[in-house]
Amino acid sequence: NGDIVEDEDALCMHKRAASLQGWTDNLLGAGDAPFGAPPTFLVASTTDTIAPSAEHTDPYRRLLAREKVPHVYVHRDLSEHGFGLSGGWTDRCATWLARRGFGEQQP
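Here is the structure:
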């Protein structure tokens, strides 16, 4: 009928991607912005080519260390981007969370 049909999924993805511009400043603090983070369990794959750890998790881990924020960084070959719950890191995370009181029944 001559109507232009736009790919709605592509438009939504573009809007989501645009909303992430400046994410590193927001996450790591920019200028005089203070940095604050809770204890952190961080997982990254050394073979992730979509979100390489050198650009994403490594800077955050360095900042956590510099600011003396308690953290664990599991950084090894867990497969490509999207490894999800595979790779054997989940038991370590569950133990870490339990030691911090997560999962305990509250009075």
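Here this note's numbering is used: position 59 in the sequence shown is 61, and no number is missing along the way. In this text, a Cβ means the ideal position worked out from N, Cα and C, and glycines have one as well.
Beta-carbon separation (whole angstroms), residue i vs residue j, contact threshold 8 angstroms
i: Tyr75; j: Leu44; result: 5 angstroms
Minimum C-alpha distance to residue i - residue among the options
i: Thr42; options: Arg63, Arg64, His73; result: His73
i: Pro40; options: His58, Ala53, Ala67, Asp60; result: Ala67
i: Gly38; options: Pro109, Arg94, Ala53, Lys70; result: Lys70
i: Arg94; options: Pro109, Gln108, His77; result: His77
Neighbour-count burial assignment, residue i, 16 or more Cβ in a 10 Å radius
i: Ser55; result: buried
i: Glu106; result: exposed
i: Arg102; result: exposed
i: Thr97; result: exposed
i: Thr59; result: buried
i: Arg63; result: buried
i: Phe104; result: exposed
According to DSSP, residues forming a beta bridge with residue i
i: His77; result: Ala46
Q | the region 46–55 touching the region 76–92, judged by at least three CB pairs closer than 8 angstroms | A | Remark: three or more beta-carbon pairs, one from each stretch, lie closer than 8 angstroms, so the region 46–55 and the region 76–92 are flagged as touching.
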